[in-house]
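Below is one structure, written out as structure tokens, with a few remarks after it.
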Amino acid sequence: MSHINALPFDVFQLIITSCWEEKGESFARAASHVCRLWRRHVLDMPLLWNRLEFTRDTPQWDKLEVNLERSGQAPLDIIVKEEVFLKSGMPHLRRIMRMVVPHIERWRSLRMVDVPHKIRRVLLDQLRGKCVPCLHRVEVVQGKKYDRTWGRRIKSTSRHWDPRGVFAGVSNLRHLEWTNPEAEYRLLPPFQNLLTLKIGPGTLDTQAEQFIQLVFRIISASPALQVLSLFLGPDSDYENEREDVEHSNRPPVTHSFLQLLHIPARTSVRDVILRSLILPKLRSLGEPIVDAEITTLCCKALVQSNSAPGLRGVVITGSRDR
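In the working numbering, the protein residues as written are 1174 to 1495.
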């Protein structure tokens, strides 16, 4: 049996990468201290060092700087959590910006968890007017430690911030997830290359017909879209327009790749959308199960048109919307 140090570099690289994917940066640091040969090999693998995690109240700036240097020209994955701003907000933000903004053309993913609105706005504004061809994924999420009612309005620290145009230069964005209660529907990116779009839960004050138009605009402009999750805010009152919505007819639209369509809204709104779509690869209407309910009228239309042959299951509800 050959000694591990006698393995070709490409085989050694596969082994180290596999272990790193399971253990993370701690494994890369441990491997770099085994011997001089391992250290040379590990330091020659920039993808082991391209994740910058700002997740502690007292960040280890020296280690982050070392990681950035070792990452070479590899794409960067940036993770920012609320904890880093608990003891020192703006000073830590300025230091993060000095570290990552000069390398903005290398950003591959940006994930922000429970980051305050003002800081989130500053970080996103760095994308405005910039060409960021490597950025494929942006996630703005709410952590589990907050038990906020999803429809509650969160007071913004920057009411006049305009999110439009933030993603104008991010031409290769594939995944956008904005799943905290401050979801901004105006912050929709160019749709051409999107594979996943999750917006909400939010407080979108719009009428049902406008919401339906938004769904169709996204689907029509996103030929590669596979996952669409779009929440209609709870403040939208369309009891008065329910009858108009239920009897509205739209020309059918075909989308060849959509696999999950998650629309937490009144069943009547979901019915109108589904009756007007031809989705040969649709497999799920989402979770929880109440978000997958359709009426008997919609079910009959789906069966007659065979517009969603891949749909694995639905929940059929009666004439009353919940």
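Note that the Cβ used here is the ideal one computed from N, Cα and C, for glycine as well. These numbers were taken from a predicted model, which means no experiment stands behind them.
Quiz item: Is the region 1251–1270 touching the region 1216–1231 in the sense that three or more CB pairs, one from each, lie closer than 8 Å?
Solution: yes
Exercise. Within its chain, find whatever has a CB closer than 8 Å to the CB of V1426; leave out the 5 residues flanking it on each side and keep chain order.
Key: F1389, I1392, S1393, S1449, L1450, I1451
Quiz item: Can you round the beta-carbon distance between C1471 and L1447 to whole angstroms, since I take them to be within the 8 Å contact cut?
Solution: 6 Å
Self-check item: Alpha carbon of R1325 to alpha carbon of E1242, nearest angstrom
Solution: The predicted position of R1325 is uncertain, since its pLDDT is 36 and thus under 50; no value can be drawn from it.
Quiz prompt | Minimum C-alpha distance to A1438 - residue among G1338, I1467, K1454 | solution = I1467
Quiz item: Hey, how far is the Cα of S1191 from the Cα of R1281?
Solution: 20 Å
Quiz item: Where G1338 and W1211 are concerned, what is the direct C-alpha to C-alpha distance, given to the nearest angstrom?
Solution: 46 Å
Quiz item: Per DSSP, F1227 forms a beta bridge with which residues?
Solution: V1253
Quiz item: From R1443 to S1402, what distance separates their C-alpha atoms?
Solution: 12 Å
Quiz item: If V1273 sits next to I1292, beta carbons under 8 Å apart, how far is it from one beta carbon to the other, in whole angstroms?
Solution: No, V1273 and I1292 are not in contact; Cβ-Cβ is about 13 Å, not under 8 Å.
Quiz prompt | Span of the beta strand (DSSP E) around L1401 | solution = 1400–1403
Quiz item: Under a Cβ-count criterion, where at least 16 other Cβ atoms within 10 Å of its own Cβ denotes burial, should T1440 be classed as buried or exposed?
Solution: buried
Self-check item: Test item: CB-CB of L1455 and L1484 under 7 Å
Solution: yes
Quiz prompt | Rounded distance between the beta-carbons of I1277 and Q1299, thought under 8 Å | solution = 6 Å
Quiz item: So A1397 and L1367 are in contact, right, with Cβ under 8 Å, and what is the actual spacing, rounded?
Solution: 7 Å
Quiz item: In three-state terms, what does DSSP make of R1212?
Solution: helix
Quiz prompt | Residues bridged to W1351 [DSSP beta-bridge criterion] | solution = V1313, I1372
Quiz item: Any idea if M1285 is buried or exposed, counting beta-carbon neighbours within 10 angstroms, 16 or more meaning buried?
Solution: buried
Quiz item: Helix, strand or coil: how does DSSP classify S1457 here?
Solution: strand
Self-check item: Buried or exposed by the 16-neighbour rule on C-beta atoms within 10 Å, applied to L1297
Solution: buried
Quiz item: Which residues bound the beta strand (DSSP E) around R1284?
Solution: 1280–1286
Exercise. Would you kindly check if the distance between the Cβ of V1400 and the Cβ of T1352 is under 7 Å?
Key: no
Exercise. Taking S1261 as the reference, give the member of R1347, P1289, L1220 with the closest Cα.
Key: P1289
Quiz item: Alpha carbon to alpha carbon, how far is V1488 from F1384?
Solution: 22 Å
Quiz item: Span of the alpha helix (DSSP H) holding L1266?
Solution: 1262–1273
Quiz item: Looking at the unbroken beta strand (DSSP E) that takes in L1434, where does it start and where does it end?
Solution: 1433–1435
Quiz item: Is any beta-carbon of chain C found at less than 7 Å from that of P1453?
Solution: Absent from the structure: chain C. Only one protein chain is present.
Practice problem: Report all residues from its chain with a CB closer than 7 Å to the CB of P1453; omit the five preceding and five following residues, and keep chain order. | Solution: S1429, P1482, G1483
Quiz item: Thinking C-beta only, is L1221 closer than 7 Å to A1201?
Solution: yes
Quiz item: Who does V1184 pair with in a DSSP beta bridge?
Solution: None; V1184 has no bridge partner.
Quiz item: When burial is assigned at 16 or more other CB atoms within 10 Å of the CB, is F1182 buried or exposed?
Solution: exposed
Quiz item: How would you write the range of the alpha helix (DSSP H) that L1296 sits in, first residue to last?
Solution: 1290–1298
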